[in-house]
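Residue numbers (the working numbering), protein chains in the order written: chain L, 1 to 803; chain R, 1001 to 1246. So the structure is just underneath, and the comments pick up after that.
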């Protein structure tokens, strides 16, 4: 019996190619999206699970209630002595380690290169299960000068011989950071960390004694703790807080009431990637909300695809009536027929899954690049994944086929067998339901379109927004060589002579992300006890002019006046307001290094991303601080200017590579995840619309076929082609309008939620909805129009002759 | 033909229709297609139902085939009131005893001749081996072995109807209901089909009820029932024809 069903199904597919292709394509498109998203979700949810004791590893983090920094008062760092304290005092702690990520210059003689290294305590491999290709986890970091590197880094440092031949173990190289350089010895070779590790590294270095000072007053070390399986994580958090109270509470500044003991809490290692958004993360984390959003999008796509099948199959039911009739007359029961038709849609869904599997394999690379994740291709063939996909396809087949099966098996043989022709009946069984399903499909389309439009508008707003700063053609060169401090005059003189350089200045941080913040100790006319924190950047002469900052009061720093260095400050309008000043010039404030005098106030400009509001800012004159050399260039001969700049700066600092970026790019990079989301959502929207149109195309074909006679009669009565097109399109046009009414409010609400993450955002205007409606209507009409025009062109004589 | 307890003896009634009426629509639009038909058909009988278009012939046949139900009156099939049966029971009787032949053949386009013949057996859960031999017997009997792998569209009208009859016969039914089986055929093919149906009745004892427009073909049966406007106008015995006994 099963064989009979399958054979007949396959022949039916072959005999109705358009129908079958539309169906398989629709389902395959939907399943492809679902597979890709499932791969992404699995990857995101699987972060850091590869460690043997992943579920017992926790990170200690802290909250400082009054210290908001870049929008959050939570920090991933802890004091240095915490590691030993938890290991010694808490019996249920199996092991603990501390680490930092630091950018260091590596060299083995000659010009070095930068690498972001993990500085760790010796117990690193006791907590984490990163694979060692050479060296023993228990002893590899035993020596104070020990370093563990990947094979790629070994090749970069020591050449091919270092990677393979004689090997790198036992060889030495130099690492340099802002606190100076030292020689380390390769003690082991680590495998590349898995892509789903939130800790990524090519270099692991053991801290030396200078690296971890400061006692309980320090606060810059990431602490990871492995608990024994029997431990109670809740108790662990409480015990850490207790240790902190006892030790940090003893510090003099806490005793004097100048600071409070932070609130410590713990995070599961496996929660860090998706659920932790604290300051000083190791890398940009994922976001559980985007995971849910994508799951939602996948569900919508699958819904659209299922609806397609349901609609096409139900519409075609009219032409399959005879088969149903004959089978019933031959003795088929309703449940047998139902099973047959559900079986058919399951077969179709499985065929679609096969196509989708191929497509997903093909698209795996581009998709991984799009979402910026190294998703292993092996996911596709993992047995559990394949089983899930099969289950999913069968489920889709059953859901999509259930209604058509119901309609078909219900048909009365007497009715469907009466006509002798093709078996087509005028009955539009279930046409109300079909219309409702089309409405759902297009409501999804309209909703997604509104989403895409709003996101695009917001991104457009961000890139065109008046940020109060001229980012155009500003090159920011990163200077890591401490030797260059104090050479500002010489650097400025040389750089200024390069043709194409319009202006030169420098600062301690990028003007688009000033990340240093201090609490003011005092300011003139201070009345309240309320603390005010200001973001601060050390800047050089010419900073404000180069960035086109506008002064609302006072003036920029001036080289003509003596005594301004480290003593004069320019603040922004927000700072003036927050300090309670009407006018600021001449007033004094103290950021902890003695009183400084305000010489000017600049209008507010965005020195953070648009996610955050504008905070108080203090620009301090400090010509020695040249971490970022800012160069305004002319638009002509840009490549030549950049290479001259590179040559000049490398002359000053022979062992450091030239690192630069355009301020515009740095600005755009802050919205990377939003841009990525916009692209992903646009694609999903496109696919949803295409799938919806496949269904509509098929439906329109059947409606046109069913109304053939009516069209013929109307034409003989004098209807024009456009009358007929209008007649056939009107019905679908109405459905699109209803879809718009259903989809818009939902999309409006969802997008309000999305926009809430931005301190600066667009208002959702009527235009977005008009646009979405117009696109949907245009797409729908183009789809229906093809059949409408085709139907209206047919010769009425032919259509009527069959009667 | 297999013997079973519920098999009626030759000459016993297989159909007893008592005041069967069928109307469509309601109120002013109500159309009375059948008006109080009472009719007995004996096992082994060959009945032709004739009458002008719209006289209710097909509706009567559909009620006998349990594809339709009377609005009033009752139809007994082998002593059972069909309107008292559940859908499941109806399907069961259907499968076991009734074969249909249509004017438009109604073969399934996606199936070969062989598969079309096999389908009713599949629904009866006949074992694979039995199925093969039964289908092979039918192909053999109707000289269609060479055509078993062809699709319906590759056959002539007469051949299609041959398949239609073979399909009705493959389940070894008590009764074959034929709705204008020759309506779409040329006369030579029509004669061939009618000869075949008569043979089934004579040699296999299958009860035949056919609807026909053709007077000559109506005379192939024992009894001609003439319908006029939903009522039985006359019932006549065909000269020289009588129910055969084995």
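Glycine included, C-beta positions come from ideal geometry on N, C-alpha and C. Remember, it's a predicted structure, so these values are computed and weren't measured experimentally.
**Study point:** Sequence-distant residues of the same chain with beta carbon closer than 6 Å to residue 609 of chain L, five excluded per side
**Key:** Cβ neighbours of residue 609 of chain L beyond the five flanking positions: 670.
Review point. Buried or exposed: residue 423 of chain L, going by 16 or more other Cβ atoms within 10 Å of its Cβ?
Key: Because residue 423 of chain L carries a pLDDT of 39, less than 50, the predicted location of this residue cannot be relied on, and no value is offered for it.
Check your understanding: Identify the residues that DSSP records as bridge partners of residue 1075 of chain R: which are they?
Key -> R:1017
Check your understanding: Exposed or buried, what is residue 1125 of chain R when buried is set at 16 or more other beta-carbons lying within 10 Å of its beta-carbon?
Key -> exposed
Review point. Looking at chain L, which residues of the segment 1094-1121 of chain R have a Cβ within less than 8 Å of any of its Cβ atoms?
Key: Correct list: 1094, 1095, 1100, 1102, 1103, 1104, 1106, 1107, 1108, 1109, 1110, 1111, 1115, 1118, 1119 and 1120.
**Study point:** Cβ-Cβ distance between residue 301 of chain L and residue 30 of chain L below 8 Å
**Key:** It is a contact, given that the beta carbons lie within the stated cut-off.
Review point. Beta strand (DSSP E) containing residue 1151 of chain R: first to last residue?
Key: No beta strand (DSSP E) holds residue 1151 of chain R; DSSP gives it neither H nor E.
Point to revise | Minimum Cβ-Cβ distance from residue 1029 of chain R to chain L less than 8 Å | key: no
Review point. Would a C-beta distance cut-off of 8 Å place residue 22 of chain L and residue 767 of chain L closer than the cut-off?
Key: no
**Study point:** Buried/exposed call for residue 1234 of chain R, threshold 16 Cβ in 10 Å
**Key:** Residue environment analysis places residue 1234 of chain R among the exposed positions, since fewer than 16 neighbouring C-beta atoms fall within 10 angstroms of its C-beta.
Review point. Does any residue of chain L bring its CB to less than 8 Å from the CB of residue 1206 of chain R?
Key: no
Check your understanding: Along the chain, where does the beta strand (DSSP E) that runs through residue 745 of chain L open and close?
Key -> Element bounds for residue 745 of chain L: not the beta strand (DSSP E) but the alpha helix (DSSP H), 721-755.
Check your understanding: Going by other Cβ atoms of all chains shown within 10 Å of its Cβ, with 16 needed for buried, is residue 277 of chain L buried or exposed?
Key -> exposed
Check your understanding: Along the segment 1058-1078 of chain R, what residues have a CB closer than 7 Å to any CB found in chain L?
Key -> For the segment 1058-1078 of chain R, the set of residues with a beta-carbon nearer than 7 Å to any beta-carbon of chain L comprises 1062, 1067 and 1068, in chain order.
Check your understanding: Would you say residue 1217 of chain R reaches chain L, if we count a Cβ-Cβ gap shorter than 8 Å as a contact?
Key -> no
Check your understanding: For residue 1023 of chain R versus residue 1031 of chain R, is the C-beta spacing smaller than 8 Å?
Key -> yes
Review point. Does DSSP put residue 541 of chain L in a helix, a strand or coil?
Key: Three-state result, residue 541 of chain L: coil.
Practice item. Starting from residue 206 of chain L, follow the alpha helix (DSSP H) in both directions and report where the run begins and ends. Key: Here residue 206 of chain L belongs to no alpha helix (DSSP H); instead the beta strand (DSSP E) covers 203-206.
Review point. Mind pulling the chain L residues with CB within less than 8 Å of residue 1141 of chain R?
Key: Simply none; closest approach about 19 Å.
Check your understanding: Excluding five sequence neighbours on each side, which residues of the same chain lie with their C-beta closer than 8 Å to the C-beta of residue 500 of chain L?
Key -> 633, 634, 636, 637, 638, 640, 641 and 644
Exercise for review: Assign residue 1186 of chain R to buried or exposed, taking buried as 16 or more other Cβ atoms, counted over all protein chains shown, within 10 Å of its Cβ.
Suggested key: Counting C-beta atoms within 10 angstroms of its own C-beta, residue 1186 of chain R has fewer than 16 neighbours from the protein chains shown and is therefore classed as exposed.
**Study point:** Helix, strand or coil at residue 717 of chain L according to DSSP, with G and I counted as helix
**Key:** coil
Review point. Considering only residues of the segment 1078-1140 of chain R, which uninterrupted beta strand (DSSP E) runs meet the minimum length of 3 residues and lie entirely inside it, listed in chain order?
Key: Within the segment 1078-1140 of chain R, the complete beta strand (DSSP E) segments of 3 residues or longer fall at 1098-1102, listed in chain order.
Practice item. Ignore the nearest five residues each way along the sequence and tell me which others in residue 1080 of chain R's own chain have a CB closer than 8 Å to its CB. Key: Spatial neighbours of residue 1080 of chain R in its own chain (CB-CB distance under 8 Å, excluding positions within 5 residues in sequence) are listed in chain order as 1093.
Practice item. Quick one: residues in its chain with C-beta nearer than 8 Å to the C-beta of residue 776 of chain L, no 5 flanking neighbours on either side, listed in chain order? Key: 442, 445, 446, 449, 689, 736, 739 and 740
**Study point:** Span separating the alpha-carbon of residue 106 of chain L from that of residue 613 of chain L
**Key:** Each residue's Cα considered, the two are about 38 Å apart.
Review point. Using a C-beta cutoff of 8 Å, does residue 1211 of chain R count as contacting chain L?
Key: Cβ-Cβ to chain L under 8 Å: no for residue 1211 of chain R.
Point to revise | Residue ranges of each alpha helix (DSSP H) within the segment 350-429 of chain L, 4 or longer | key: 383-410 and 413-416
Review point. Whose C-beta lies closer than 8 Å to the C-beta of residue 1171 of chain R among residues of the same chain, with five residues either side of it excluded?
Key: If we look at residue 1171 of chain R and ignore the five residues flanking it on each side, its Cβ neighbours are 1095, 1096, 1099, 1120, 1121 and 1124.
Check your understanding: Cα separation between residue 1134 of chain R and residue 1189 of chain R?
Key -> 25 Å
Check your understanding: Does the count of Cβ pairs from the segment 78-87 of chain L and the segment 283-298 of chain L closer than 8 Å reach three?
Key -> no
Check your understanding: Does the beta carbon of residue 1175 of chain R sit closer than 8 Å to a beta carbon anywhere in chain L?
Key -> no
**Study point:** Distance between residue 744 of chain L and residue 1102 of chain R (C-alpha atoms, nearest Å)
**Key:** 53 Å
Review point. Would a check of beta-carbon distances place residue 1002 of chain R closer than 8 Å to chain L?
Key: Residue placement at residue 1002 of chain R is flagged as unreliable, the pLDDT there being 43, under the threshold of 50; the coordinate-derived value follows with that caveat. Cβ-Cβ to chain L under 8 Å: no for residue 1002 of chain R.
Practice item. Return the chain-ordered list of same chain residues with a C-beta closer than 7 Å to the C-beta of residue 25 of chain L, the five sequence neighbours on each side being excluded. Key: 694
Check your understanding: Under 7 Å Cβ-Cβ, which residues of chain R neighbour residue 414 of chain L?
Key -> Result: 1062, 1067 and 1068.
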